[in-house]
Amino acid sequence: MLINTRRGSFFFLGAVLTDLELEPDSPSTSSHCGTCTACLDACPTRAFPEPFVLDATKCISYLTIELRSDIPVEHRESVGNWLYGCDVCQDVCPWNRNAGSRAPAFPHDPDLAWIDPAELLGLDADAFRVRFKKTSFWRNRRTGLLRNAAIVLGNIGDERSLPALEKALADPEDVIRNAAQWAIDHIRHRTSSVKSGLPSAPSD
Ligand code: SF4
Ligand code: SF4
Numbered sequence: 000m001l002i003n004t005r006r007g008s009f010f011f012l013g014a015v016l017t018d019l020e021l022e023p024d025s026p027s028t029s030s031h032c033g034t035c036t037a038c039l040d041a042c043p044t045r046a047f048p049e050p051f052v053l054d055a056t057k058c059i060s061y062l063t064i065e066l067r068s069d070i071p072v073e074h075r076e077s078v079g080n081w082l083y084g085c086d087v088c089q090d091v092c093p094w095n096r097n098a099g100s101r102a103p104a105f106p107h108d109p110d111l112a113w114i115d116p117a118e119l120l121g122l123d124a125d126a127f128r129v130r131f132k133k134t135s136f137w138r139n140r141r142t143g144l145l146r147n148a149a150i151v152l153g154n155i156g157d158e159r160s161l162p163a164l165e166k167a168l169a170d171p172e173d174v175i176r177n178a179a180q181w182a183i184d185h186i187r188h189r190t191s192s193v194k195s196g197l198p199s200a201p202s203d
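So for the sequence shown, numbering that gives the first Met the number 0 puts the first residue at 0; every next one is plus one.
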C-alpha cells in the first residue's frame, strides 16, 4: 500500500516511458502506520501474515482479478458477494477518512453499479466482449468474471440461481464449470439445511 498523508491510499500505479534524463528520487522510507493494525484485522482471508507482508495468494483481489485458474475451495466463501476485487484493507485505513473526493477523473459508471451474476453466466464470448471490452472487467476476461459470478451465486444465491448455474455446467471453460458445480452444491446444501432446520455448514 502506498500511503500519502493528504490523499490516502487509493491510487492507480502507472509508468511514463520517456528518453528524458531524470534525477531519481530517493526511495520512500517513511511508514505512517504506527501501531494501527486495522487492515490486518479486517482482511476477510487473513492475507497479511504479519505487518507489511501480504500473501497475495490469499487476497480476494488477486483471486478474483489476477488468478486465471480455479479459486481455491478454502477461499470461495470469503469471496462473499464480491464479483471483482476487494478494497476492505483500504476502506478501513484511517488515512482515507479525510482524503477528500476520490478520483474525479474516473466518474462512477451507473451501468456497472449493479451486475446480476446470473445474467453474467448467460453471456457468450461475443456478448461479453460487447458489454465489457471498454471496462476494467475486461482484465480477467470472460472466464474469470463468469467464474466469479458462479462463486458469488454459490455464496448468496438460492434455488432461483440454479437454472443459470446448471446451464453453466455446459460451458466450454472448465474453470467456469467447476465454479458452477461448487455453487450448485453449496446452494443445495444451504437450502436443504434451512428446510430441515439444521445449521448450515460448508460442504467443502
Ligand atoms: S484486498 Fe481484501 S483480501 Fe486482499 S489483502 Fe486487502 S482486505 Fe485482504
Ligand atoms: S489500515 Fe492503513 S494505517 Fe493501518 S496498518 Fe493498514 S495501511 Fe497502515
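Don't be surprised by glycine CBs; every beta carbon is placed ideally from N, CA and C. Since we're looking at a predicted model, the values are computed, not measured.
(1) Looking at ligand 1, does it come within less than 7 Å of Val-87, judged from the CB to the closest heavy atom?
(2) Quick check on the DSSP output: the alpha helix (DSSP H) that includes Phe-131 runs from which residue to which?
(3) With a cut-off of 8 Å on the beta carbons, I'd call Ala-167 and Leu-122 a contact; round off their distance for me.
(4) Any idea what DSSP makes of Glu-22, helix, strand or coil?
(5) With DSSP as the reference, please indicate the residues paired to Gly-7 in a beta bridge.
(6) I want to check one thing, is the minimum distance from the CB of Ser-8 to the heavy atoms of ligand 1 below 7 Å?
(7) Give me the residue from Glu-20, Ala-178 and Ala-169 with the minimum Cα distance to Arg-146.
(8) Mapping DSSP to helix, strand and coil, what is His-188?
(9) Relative to the C-alpha of Ala-41, which candidate in Ala-98, Glu-172 and Ile-59 has its C-alpha closest?
(10) Do you know offhand how far Ser-8's Cα is from Ala-149's?
(11) Would you report the Cα separation of Leu-82 and Thr-63, rounded to the nearest angstrom?
(12) Going by the C-beta, is Ile-114 closer than 7 Å to any heavy atom of ligand 2?
(13) For Glu-158, which beta-bridge partners are listed by DSSP?
(14) Identify whether Glu-172 lies in helix, strand or coil by the three-state DSSP scheme.
(15) Would you kindly work out how many angstroms separate the C-alpha atoms of Leu-53 and Arg-45, rounded to a whole number?
(16) Starting from His-74, trace the alpha helix (DSSP H) both ways and give me its first and last residue.
(17) Can you look up Ser-202 in the DSSP assignment and give me helix, strand or coil?
(18) State the beta-bridge partners of Glu-65 as determined by DSSP.
(19) Closest to Asn-228 by C-alpha separation, out of Lys-57, Arg-141 and Gln-89, would be which residue?
(20) Reducing DSSP to helix, strand and coil, say where Val-15 ends up.
(21) Ligand 1 and Pro-93: does any heavy atom of the ligand fall closer than 7 Å to the residue's C-beta?
So, from the data block:
(1) Translated into positions along the sequence shown, residue 87 becomes position 88. Yes, since a heavy atom of ligand 1 falls inside the 7 Å radius drawn around the Cβ of Val-87.
(2) The residue given as residue 131 occupies position 132 in the sequence shown. Looking at the DSSP string, the run of the alpha helix (DSSP H) that includes Phe-131 is 124–131.
(3) What you label residue 167 is simply residue 168 of the sequence shown in a count that begins at 1. What you label residue 122 is simply residue 123 of the sequence shown in a count that begins at 1. In fact, because the Cβ distance is near 11 Å, the residues do not count as touching under 8 Å.
(4) Stepping through the sequence shown from its first residue, residue 22 is reached at position 23. DSSP places Glu-22 in coil when its eight states are reduced to three.
(5) Position 8 of the sequence shown, counting from 1, holds the residue named residue 7. Answer is Asn-3.
(6) Walking along the sequence shown from the start, residue 8 turns up at place 9. Answer for Ser-8: no, Cβ out of range of ligand 1.
(7) Counting from 1 along the sequence shown, the entry for residue 146 is found at position 147. Comparing Cα-Cα distances from Arg-146 to each of Glu-20, Ala-178 and Ala-169, the minimum goes to Ala-178.
(8) In the sequence shown, the residue the question calls residue 188 occupies position 189. Three-state DSSP puts His-188 in a helix.
(9) As a working note, residue 41 is residue 42 in the sequence shown. Out of Ala-98, Glu-172 and Ile-59, Ile-59 has the C-alpha closest to the C-alpha of Ala-41.
(10) Translated into positions along the sequence shown, residue 8 becomes position 9. Translated into positions along the sequence shown, residue 149 becomes position 150. Rounded to whole angstroms, Ser-8 to Ala-149 spans 31 Å at the Cα level.
(11) Within the sequence shown, the letter at position 83 stands for residue 82. Within the sequence shown, the letter at position 64 stands for residue 63. Each residue's alpha carbon lies about 7 Å from the other.
(12) Along the sequence shown, one-based indexing puts residue 114 at 115. No.
(13) Residue 158 sits at position 159 when you count from the first residue of the sequence shown. For Glu-158, which the question treats as bridged, DSSP gives no partner whatsoever.
(14) As a working note, residue 172 is residue 173 in the sequence shown. If DSSP states are grouped into helix, strand and coil, Glu-172 belongs with coil.
(15) Residue numbering aside, residue 53 sits at position 54 when the sequence shown is read from its first letter. Residue numbering aside, residue 45 sits at position 46 when the sequence shown is read from its first letter. Taking the straight line joining both Cα atoms gives about 9 Å.
(16) By 1-based counting over the sequence shown, the position of residue 74 is 75. Segment 72–78, the alpha helix (DSSP H) holding His-74.
(17) Here residue 202 refers to the residue found at position 203 when the sequence shown is read from its first residue. Only weak support is given to the placement of Ser-202: the predicted model assigns it a pLDDT of 45, under 50, and the question is left unresolved by the model.
(18) Residue 65 sits at position 66 when you count from the first residue of the sequence shown. For Glu-65, which the question treats as bridged, DSSP gives no partner whatsoever.
(19) Nothing in the structure corresponds to residue 228, since the chain is present only between 0 and 203.
(20) Taking the sequence shown and counting its residues from 1, one reaches residue 15 at position 16. Coil.
(21) For the purposes of this step, residue 93 is taken as the residue at position 94 of the sequence shown. No; taking the cut-off as 7 Å, the Cβ of Pro-93 has no heavy atom of ligand 1 nearer than that.
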